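Step one of this worksheet: look at the structure below.
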Ligand SMILES: Nc1ncnc2c1ncn2[C@@H]1O[C@H](COP(=O)(O)OP(=O)(O)OP(=O)(O)O)[C@@H](O)[C@H]1O
Ligand SMILES: [Mg+2]
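Structure representation (structure tokens):
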């Protein structure tokens, strides 16, 4: 299929990564991996440990730099040097350790590094009001924006990390292993939050070893194996067994087969 034909069959993508390769010394973390994401789409990115999932997303945000390949955001070629630059184009990544400050409260964490100011002072009224607004938009309940983050449960800390990301009004949110340490209830809340964001048009990538979560909210699943894209399936057209099979035995050919099926 020609590139022109492909762009006709696919919805316009907010993110397009083409033939990305990245090595760390002797380790080839990614080999010619292509990736796309449509507005409002939820993509599950799966694969065994060391498959290259986090590396691919860190290349998207500018936390890591690719050796070759291209990254397009809204069809514009980009070359982010830092996550700060990708944030300006609406891309947010939430890391597994959340990177929050436990001894500060919820609102202070949401606006970390950019507390609203009134002259030389922090505008506390605006900060707590805006923090409440973000949490409301997310429909999450953290009791109080004055509560210290270290006193919150893991699930609620996760909500604060997401609230922080959302407060930048992103178009794309990447969640790296968000449910690994969450209870069933906290996982349910997180998945609801993802659907809420989707309804607001935010595209999301969820990296997870828990296929059940991806099948609960995802539109599409992409499988990486040893740095290669070995398959890309619509959730509606696949099942957990097929995805597990790809994770274990996928090859460049299984990826190609999916592409042809998607084009039909
Ligand atoms: N900063 C780094 N320096 C050196 N090697 C790295 C670095 N980051 C990743 N790697 C290597 O790149 C490969 C892919 O790692 P990556 O973290 O992307 O895997 P992953 O799919 O996210 O795995 P996991 O499920 O364990 O999080 C691994 O072999 C890893 O050791
Ligand atoms: Mg990882």
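Numbering (my numbering), first residue to last: 4 to 267.
Note that beta-carbon positions come from the ideal geometry of N, C-alpha and C, so glycine has one too.
Only a predicted model underlies this, so the values are computations on that prediction, with no experimental measurement involved.
Q) Is there contact here, the segment 87-104 with the segment 37-52, by at least three beta-carbon pairs under 8 angstroms? A) Result no; under three Cβ-Cβ pairs closer than 8 angstroms.
Q: Output the residues surrounding ligand 2, defined as those with a CB atom closer than 7 angstroms to any ligand heavy atom, in chain order.
A: Listed by chain position, these are 56, 57, 179, 180 and 210.
Q: Work out the CA separation of residue 87 and residue 147 for me, nearest whole Å.
A: About 29 angstroms.
Q) If you pair each beta-carbon of the segment 183-195 with each one of the segment 146-160, do three or more pairs fall below 8 angstroms? A) At 8 angstroms Cβ cutoff, the stretches touch.
Q | Three-state secondary structure assigned by DSSP to residue 180 | A | In this structure, DSSP gives residue 180 a state outside helix and strand, which the three-state scheme calls coil.
Q) Within this structure, are the beta carbons of residue 94 and residue 62 separated by less than 8 angstroms? A) By the CB criterion at 8 angstroms, residue 94 and residue 62 fall outside the cutoff.
**Q.** Which listed residue (78, 150 and 118) has its alpha carbon closest to that of residue 106
**A.** Selected option, being the one with the closest Cα: 150.
Q. Quick one: Cα of residue 66 to Cα of residue 18, how far?
A. If I take the Cα positions, the gap works out to 16 angstroms.
**Q.** Span separating the alpha-carbon of residue 138 from that of residue 127
**A.** Going by C-alpha positions, residue 138 is about 17 angstroms away from residue 127.
**Q.** the segment 199-207 contacting the segment 165-184, beta-carbon criterion three pairs below 8 angstroms
**A.** Yes, the segment 199-207 is in contact with the segment 165-184.
Q | Between the CA atoms of residue 235 and residue 58 - distance to the nearest angstrom | A | Going by the C-alpha atoms only, they are around 18 angstroms apart.
Q) From what residue to what residue does the beta strand (DSSP E) around residue 71 run? A) Residues 71-76.
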